[in-house]
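All remarks here apply to the structure that follows.
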Amino acid sequence: MNSKYVLLGCLYFVQGMPYGLQSGLLPIYLRSVGLSFTKISLAKMLYLPWVLKMLWAPLVDQYHTKQTWLVLSMSGLVLACLACATMSPETNFLPVALMLLLMNFFASVQDIAVDGVAVRLLGQDEIGYGNTIQVVAYKLGSVLAGGGLLTLMHLLGWGVLFLLLAIIYLLAILYVWSAPVLQLTLGRPSQDGQPRARTFNPWRILQELFHVPGTLWTAGFVLLYKLGEQGATTMFPLFLLDHGFSTQQLGFWNGVIAMVFSITGSSLGGQLMSKQRWPLSLLKALLLLRFCSLNLQTFLVFIYDDGVSLFKGAAILSICVQHFIGGLITTLAFSTMMQCTQRADGSIQATHYSFLATLEVLGKLAFSTFVGSIVDWLGFASSFCCFLFLSFTSVLYVLNMPPGGS
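Under our numbering, the first residue of the sequence shown is numbered 72, with each subsequent residue one higher.
Right under this line is the structure:
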């Protein structure tokens, strides 16, 4: 396999582990040892570094090499894991939370450096495969930490689990330190052949970011494209839980099988990208297909009958289809972001990509914060109509893209 893809797969895999650890394993573990829902809900604050990573992205762009930042960030992750291994969240909740916050900080620094490496390494004909590896490897790392390690928790315990994570990060450091392909990302000049002056002036940085062709349109797209899907994928399993599905059934179908479909969709997205190269025409078709799929889920919400097995089968099918299409769209969306970033000067590429990735996270997180309140206020049926509307706005946004907008 191409050494570029092996490197990116390794880096995105270990990058996905903190997310899986804190979204899948941590809430269940904390509840199993008797922590209150209040303390568990506070764990969402641990994602704050991902929202703020634009603040340190210029530092990663303008000082030292990406290889140096990768080694430093993963060394920080090793130390944070070792610290967590010496503490128990039952008795040291705040110190453990602080270490997990530091893990997210170091992971966000790693993310900036990895994205910068990917933008430099991948040619136009490699973006599809590269973004497939990005999405799939990240999801696999998340599944390993959030699902695989959770199943071993009762055998290994908290301390041994974090020792294993530290060993994985240490192996990744050794690989990055010795990876010759990383030398390809070093010393590349600016597009105009002139070195850029270092700056941390936020206004000037924003001006440079938006000066890159297509940035404004791409920023709007990444804010919008997941909103309707995010609402549906979050609330439809809860709708089924209220209508006869058990937690075990949902864990299997929505947690395991749906993830398989999502990864399959992400992989196929890369294959399609490699054949067509430009993702926007594919995005238009897939966004329309997702809108049709969401129509099916909305229809099910209106007519669902707990006692009819046909409806249960249709609900499971709709979950799988939605995750498959969502995986396709995610890979193409990240390819669109990377193509836009490759138009930027080399001195700001990591910052530019981090800016777009931060907006992508903000779009999902901001809506996720309110989606439960929307359902409480309007009920499931009306809420899914709102999700349909939001899904259609992303279709209109792409269909009405201005010439040269991306």
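Glycine is no exception: its CB is placed at the ideal position from the N, C-alpha and C atoms.
| Check | Outcome |
| --- | --- |
| Beta-carbon spacing of residue 340, residue 399 below 8 Å | yes |
| Buried versus exposed, by CB contacts within 10 Å (16 or more), residue 423 | buried |
| Minimum C-alpha distance to residue 96 - residue among 225, 183 and 149 | 225 |
| Contact under 8 Å by Cβ, residue 466 with residue 359 | yes |
| Span separating the alpha-carbon of residue 194 from that of residue 221 | 38 Å |
| Secondary structure of residue 461, DSSP reduced to three states | helix |
| Boundaries of the alpha helix (DSSP H) in which residue 74 is found, first to last residue | 74 to 91 |
| Residue 238 classed as buried or exposed, judged by whether at least 16 other C-beta atoms fall within 10 angstroms | exposed |
| As assigned by DSSP and simplified to three states, the class of residue 275 | helix |
| Length of the line joining the Cα atoms of residue 187 and residue 374 | 48 Å |
| Nearest residue (CA-CA) to residue 120, options 355, 215 and 179 | 179 |
| For residue 197, three-class secondary structure by DSSP | helix |
| Contact the region 300 to 307 vs the region 389 to 396: 3+ CB pairs below 8 Å | yes |
| Where residue 161 falls, given that 16 or more other Cβ within 10 Å makes a residue buried | exposed |
| Proximity winner among 175, 307, 413 and 409, relative to residue 387 (alpha-carbon distances) | 307 |
| First through last residue of the alpha helix (DSSP H) which encompasses residue 294 | 286 to 295 |
| Residue 310 vs residue 372 beta-carbon contact at 8 Å | yes |
| Opening and closing residue of the alpha helix (DSSP H) in which residue 352 lies | 351 to 374 |
| Where residue 163 sits in the DSSP three-state scheme | coil |
| CB-CB length for residue 489 against residue 171, believed under 8 Å | Beyond the ends of the chain as shown, which are 72 and 477, falls residue 489; an answer cannot be given. |
| Beta-carbon proximity check, residue 205 vs residue 184, cutoff 8 Å | no |
| Of the listed residues 436, 144 and 75, nearest to residue 89 (C-alpha basis) | 144 |
| Burial state of residue 376, where buried means 16 or more other Cβ atoms lie within 10 Å | exposed |
| Cβ-based neighbour list, residue 405, same chain, cut-off 7 Å, excluding 5 preceding and 5 following | 202, 205 and 206 |
| Pair within 8 Å by beta-carbon distance, residue 351 and residue 407 | yes |
| C-beta atoms of residue 280 and residue 419 nearer than 8 Å | yes |
| DSSP three-state assignment for residue 344, whether helix, strand or coil | helix |
| Residue 242 versus residue 147 - alpha carbon distance | 14 Å |
| Cβ-based neighbour list, residue 236, same chain, cut-off 6 Å, excluding 5 preceding and 5 following | 152 |
| Cβ separation of residue 288 and residue 142, assumed to be a contact under 8 Å, to the nearest whole Å | Actually they are not in contact, since the Cβ atoms of residue 288 and residue 142 sit about 36 Å apart, beyond 8 Å. |
| Cut-off 8 Å between Cβ atoms - residues of its own chain near residue 233, not counting five sequence neighbours on either side | 152, 153, 155 and 156 |
| Pairwise C-alpha distance: residue 230 and residue 355 | 48 Å |
| Contacting residues, own chain, Cβ-Cβ under 7 Å from residue 328 (five flanking each side not counted) | 391 |
| Where residue 455 sits in the DSSP three-state scheme | helix |
| DSSP state of residue 506 mapped onto helix, strand, coil | No answer is possible for residue 506: the residues shown for the chain start at 72 and end at 477. |
| Continuous alpha helix (DSSP H) stretch holding residue 157: start and end | Neither: residue 157 is in no alpha helix (DSSP H) and is coded neither H nor E. |
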